[in-house]
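Enquirer:
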Amino acid sequence: MSDRLHPFRLAGRLAAAAGFLIAAACSQQPQANPPAASTQAPAAASTPAPAASTQKPAAPAEDKPVLAAFPTPPDGKWLVDEQGHRYFVDKIPKEEGAYIWLNEEKTQVQVRYGGSYDVVGQDDTSFLIKVYAVEPMERPSAGPADPTAEELEKIAASYRNSTGKADRLRFEPFGNGLPQQGQWRNGFEIADMNGDGHPDIVHGPARKGRRAPNIFLGDGNGNWKPWSEASFPRLPYDYGDVAVADFNGDGRPDLALAVHLAGLIALVADGPASFKEWGRGLDWNAGSAAPDKPVFSSRAVTAADMNGDGRPDLVALGEGPRMMVGAAGEGRQKAALGGYGSVIYFNQGDGSWLRRGESQAGDVQIFGDKVAVADFTHDGNSDIVLGSNVRGEKSILRIGAGSGAWTATRLEDLRRGFVGAVDVADFNRDGRLDLALGYLSYEPKVWRTGIDLFLGRADGSWERRPVAVEEGRGWLTALDSGDLDGDGNLDLAGLTGQGQTWVLLGKGDGSFVREESPEIPLSEGGCRGYDVEIVDLDGQPGDEMVTEFAGEPSALFAPDQCVDGGKMVAWKARPKR
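Using my numbering, the first residue of the sequence shown is number 1486, and each one after it goes up by one.
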């Protein structure tokens, strides 16, 4: 069978044109260089978010027709089905554990890398599948008109900002003992887990690493060590996000994990260094979910009291569409349709949780990797802001309506693109909360990576204020605020999908100056930045910054990507003299 006819290769050729997401489901990371025609953040070749690259991004090709070689029958003879579709029969390998049946009749199969096929026969080693003809399509006689010079100038003007540059701070390493390799994603929390008065770093399992939570104990002087005495119940942990709160009201910090593909886990402290499961009612799939009952899963979770009962609840954002394959054999292939929208799990105080989520039937399509909670409307109800891996999705707000109910709301001035990072704080000291959003946008002819500030106004509206922007597809993927320089104003730190660290020093009025920070190197090979936290680690004036990066090279697609293998890094800022 020739390469030209192999259906796996055909699926790869057609995937980009079709906006095919399932192909890299285990990663679910939007590319650093997503194709302009896509409406959902596409998956990278090896990991799921803006994959870093040292190569210059190719120009968007949406205005150029793409020519591809399409399969034809080896003997030149097409078969025709009852609907008049032309096809021929070809053979593909049957790999144990790498396919799922899409119907009870076993006439449709999906393979690991996303190809779906109609099956006409099978044996122990192969499927016989239909390879359909790709019929020619008429090119539209007229497409949308190119923007005028005036329109392009108006768009460019909307990105301009007053943020200047400075080099006021010297960043010194403050992360002795933190891991210098590993897939550290998707997020972490900082909390005093062992009660010694020093903040610690709480993380889920590293992707492809030890499958257990990771807690790095800090000593307040920039030294860290794994909490080797901590014990956790034996569960099928995997990478994702983590939230820390006192779920059972005993005064000790507990943790919840958003686990890629599997759902959520809650653990409460039941001793000085031990934890037990406390998650009845949370979505969870340990490989046994039926295809007709897909399990909601997430890589973005936070803890907050959503219904005012004094107990911290969990808010999670769906991680999006993907394929999940169980062990091979009849009755053991399982499919998960993905997680969309936001879900609140209300803490009942007895180890159980009451679920309230958005529809999974297709009317809620948002998914992403970031979620934050605060009372934006100052009505006493908690509101939610979501990151979005769906290009152009504006309904990223969930406004609380009391008793844990909420209403999806659009942020009308949100740029057309992806929202990779969110933060909530009062940046201009007017007593109202503002939103800082990291984005990757595409507006006619130009990709841009940047940060916008949405200032909350007294009438409930939002005023967009551009803060920082660069042309390119790096994507701002992590964001947090705090006082790095100790002047009492909130600063911002952001990470990009290409391993850059942005530091913006706040002036207290909603404007910033860009700190050039030459001491902070670019992550070698452009590992994606997944999370950043600004917090006081040593009790001295000025907060510290903790960052994490992940990624891995692909021998075929990106051999120079993230060659340092990912890491966790902490920094202390000191004023330059």
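All residues carry an ideal CB built from backbone N, CA and C; glycine is no exception.
Nothing here was measured: the structure is a model prediction, and the numbers come from that model.
(1) Are the beta-carbon atoms belonging to Ser-1873 and Gly-1842 less than 8 Å from one another?
(2) Rounded C-beta distance between Trp-1709 and Leu-1663? I'm assuming under 8 Å.
(3) Tell me which residues share the same chain as Pro-1632 and place their Cβ nearer than 7 Å to its Cβ, disregarding the 5 neighbours each side in the sequence.
(4) In the DSSP assignment, find the beta strand (DSSP E) that holds Leu-1799 and state where it starts and stops.
(5) Excluding the 5 residues flanking Asp-1868 on each side, which residues of the same chain have their C-beta closer than 8 Å to its C-beta?
(6) Okay, do the stretch 1642-1654 and the stretch 1993-2008 touch, 3+ Cβ pairs below 8 Å being the bar?
(7) If I follow the unbroken beta strand (DSSP E) through Glu-1636, where does it start and stop?
(8) Whole angstroms are fine: how far does the CA of Val-1786 sit from the CA of Glu-1580?
(9) Can you give me the start and stop residues for the beta strand (DSSP E) that His-1688 sits inside?
(10) For the beta strand (DSSP E) holding Thr-1892, just list the boundary residues, first then last.
(11) Just the C-alpha distance for Gly-1935 and Asn-1588, rounded to the nearest angstrom, thanks.
(12) Cα separation between Gly-1748 and Val-1780?
(13) Taking DSSP's pairing of strands, which residues face Ser-1827 in a bridge?
(14) For Lys-1879, name the three-state secondary structure that DSSP assigns.
(15) Just how far apart, CA to CA, sit Gly-1941 and Ser-1716?
(16) Please state the DSSP three-state secondary structure of Leu-2007.
(17) So, is Asp-1455 buried or exposed, given that buried needs 16 or more other C-beta atoms within 10 angstroms?
(18) Taking the alpha-carbon of Ala-1697 as reference, which of Gln-1985, Asn-1706, Leu-1871, Glu-1714 has the nearest alpha-carbon?
(19) Measuring only the C-alpha atoms, how far is Ser-2039 from Trp-1586?
(20) Should Ser-1839 go down as buried or exposed, given a rule of 16 or more other Cβ atoms within 10 Å for buried?
(21) Using the Cα positions of Ala-1522 and Ser-1926, report the straight-line distance between them to the nearest angstrom.
(22) Where Val-1753 and Gly-1736 are concerned, what is the direct C-alpha to C-alpha distance, given to the nearest angstrom?
(23) If you count every other CB in all the chains shown that lies within 10 Å of the CB of Gln-2025, and 16 or more means buried, which is it?
(24) For the stretch 2052-2062 and the stretch 1654-1661, state whether three or more C-beta atom pairs, one from each stretch, are separated by less than 8 Å.
(25) Return helix, strand or coil for Ala-1583, following the three-state DSSP convention.
(26) Which whole-angstrom value describes the C-beta separation of Ala-1789 and Val-1729, a residue pair presumed to lie in contact below a C-beta threshold of 8 Å?
(27) Cα separation between Trp-1712 and Asp-1937?
(28) Grab me the residues of Asp-1609's own chain with a C-beta within less than 8 Å of its C-beta, minus the 5 sequence neighbours each way, in chain order.
(29) Helix, strand or coil for Glu-2033 per DSSP?
(30) On a CA-only basis, which of Phe-1912, Tyr-1924, Gly-1887, Asn-1733 is nearest Arg-1900? Give me that one, please.
(31) Mind checking which residues open and close the beta strand (DSSP E) that includes Asn-1699?
(32) Alpha carbon to alpha carbon, how far is Ala-1583 from Val-1604? Give it in angstroms, no decimals.
Expert: Based on what the coordinates show:
(1) For the purposes of this step, residue 1873 is taken as the residue at position 388 of the sequence shown. For the purposes of this step, residue 1842 is taken as the residue at position 357 of the sequence shown. Contact: no.
(2) What you label residue 1709 is simply residue 224 of the sequence shown in a count that begins at 1. What you label residue 1663 is simply residue 178 of the sequence shown in a count that begins at 1. Indeed they touch by this definition, with Cβ atoms about 5 Å apart.
(3) Taking the sequence shown and counting its residues from 1, one reaches residue 1632 at position 147. For Pro-1632, where only same-chain residues beyond five positions count, the Cβ hits under 7 Å are Pro-1929.
(4) Locating residue 1799 in the sequence shown gives position 314, where the first residue counts as 1. 1798-1803 is the span of the beta strand (DSSP E), which, as asked, contains Leu-1799.
(5) On the sequence shown, residue 1868 is found 383 positions in, with the first residue counted as 1. Excluding positions up to five away in sequence, the list reads Val-1858, Ala-1859, Asp-1860, Phe-1861, Thr-1862, Leu-1882, Arg-1883, Ile-1884, Gly-1885, Trp-1891.
(6) yes
(7) Sequence index remark: in the sequence shown, residue 1636 carries index 151 (1-based). Looking at the DSSP string, Glu-1636 is not in any beta strand (DSSP E); the run it does join, the alpha helix (DSSP H), is 1634-1642.
(8) Within the sequence shown, numbered from 1, the residue matching residue 1580 stands at position 95. Within the sequence shown, numbered from 1, the residue matching residue 1786 stands at position 301. Rounded to the nearest angstrom, the two C-alpha atoms are 35 Å apart.
(9) Working through the sequence shown from its first residue, we reach residue 1688 at position 203. 1685-1688 is the span of the beta strand (DSSP E), which, as asked, contains His-1688.
(10) For the purposes of this step, residue 1892 is taken as residue 407 along the sequence shown, with counting starting at 1. First-last of the beta strand (DSSP E) with Thr-1892: 1890-1894.
(11) Here residue 1935 refers to the residue found at position 450 when the sequence shown is read from its first residue. Here residue 1588 refers to the residue found at position 103 when the sequence shown is read from its first residue. Near 44 Å, if we compare the C-alpha coordinates of Asn-1588 and Gly-1935.
(12) Within the sequence shown, residue 1748 is the residue found at index 263, counting from 1. Within the sequence shown, residue 1780 is the residue found at index 295, counting from 1. Those two C-alpha atoms are separated by around 7 Å.
(13) Within the sequence shown, residue 1827 is the residue found at index 342, counting from 1. Paired residue(s): Leu-1802.
(14) Start at 1 with the first residue of the sequence shown, and residue 1879 comes out as number 394. Coil.
(15) Within the sequence shown, numbered from 1, the residue matching residue 1941 stands at position 456. Within the sequence shown, numbered from 1, the residue matching residue 1716 stands at position 231. Spanning the two alpha carbons is a distance of roughly 44 Å.
(16) Position 522 of the sequence shown holds residue 2007. It is coil, neither helix nor strand.
(17) The question about residue 1455 has no answer here: the residues shown for the chain are numbered 1486 through 2062.
(18) The residue labelled residue 1697 in the question sits at position 212 within the sequence shown. Nearest of Gln-1985, Asn-1706, Leu-1871, Glu-1714 to Ala-1697, Cα basis: Glu-1714.
(19) Here residue 2039 refers to the residue found at position 554 when the sequence shown is read from its first residue. Here residue 1586 refers to the residue found at position 101 when the sequence shown is read from its first residue. When rounded, the distance between both Cα atoms is 29 Å.
(20) Here residue 1839 corresponds to residue number 354 of the sequence shown, with the count starting at 1. With the sequence shown as reference, residue 1839 is identified as Leu, and Ser is not the correct amino acid for it. When all chains shown are included, Leu-1839 counts as exposed.
(21) Here residue 1522 is taken as the residue at index 37 of the sequence shown, counted from 1. Here residue 1926 is taken as the residue at index 441 of the sequence shown, counted from 1. Any answer about Ala-1522 is weak, because its pLDDT of 39 lies below 50 and its placement is not dependable; what the coordinates show is given next. For Ala-1522 and Ser-1926, the distance between alpha carbons rounds to 12 Å.
(22) Sequence index remark: in the sequence shown, residue 1753 carries index 268 (1-based). Sequence index remark: in the sequence shown, residue 1736 carries index 251 (1-based). About 11 Å.
(23) Along the sequence shown, read from residue 1 onward, the residue named residue 2025 stands at position 540. The residue is exposed, with fewer than 16 neighbouring Cβ atoms inside 10 Å.
(24) yes
(25) The sequence position of residue 1583 within the sequence shown is 98, counting from 1. DSSP places Ala-1583 in coil when its eight states are reduced to three.
(26) Position 304 of the sequence shown, counted from the start, is the residue given in the question as residue 1789. Position 244 of the sequence shown, counted from the start, is the residue given in the question as residue 1729. Not really, about 12 Å apart at Cβ, beyond 8 Å.
(27) Residue mapping note: residue 1712 aligns to position 227 of the sequence shown, counting from 1. Residue mapping note: residue 1937 aligns to position 452 of the sequence shown, counting from 1. One C-alpha to the other measures close to 38 Å.
(28) Here residue 1609 refers to the residue found at position 124 of the sequence shown. Lys-1579, listed in sequence order.
(29) On the sequence shown, residue 2033 is found 548 positions in, with the first residue counted as 1. Strand at Glu-2033.
(30) Within the sequence shown, numbered from 1, the residue matching residue 1900 stands at position 415. If we check each option's Cα against that of Arg-1900, Tyr-1924 comes out closest.
(31) Within the sequence shown, residue 1699 is the residue found at index 214, counting from 1. Asn-1699 -> beta strand (DSSP E) spans 1699-1703.
(32) Position 119 of the sequence shown holds residue 1604. Position 98 of the sequence shown holds residue 1583. Going from the Cα of Val-1604 to the Cα of Ala-1583 covers about 16 Å.
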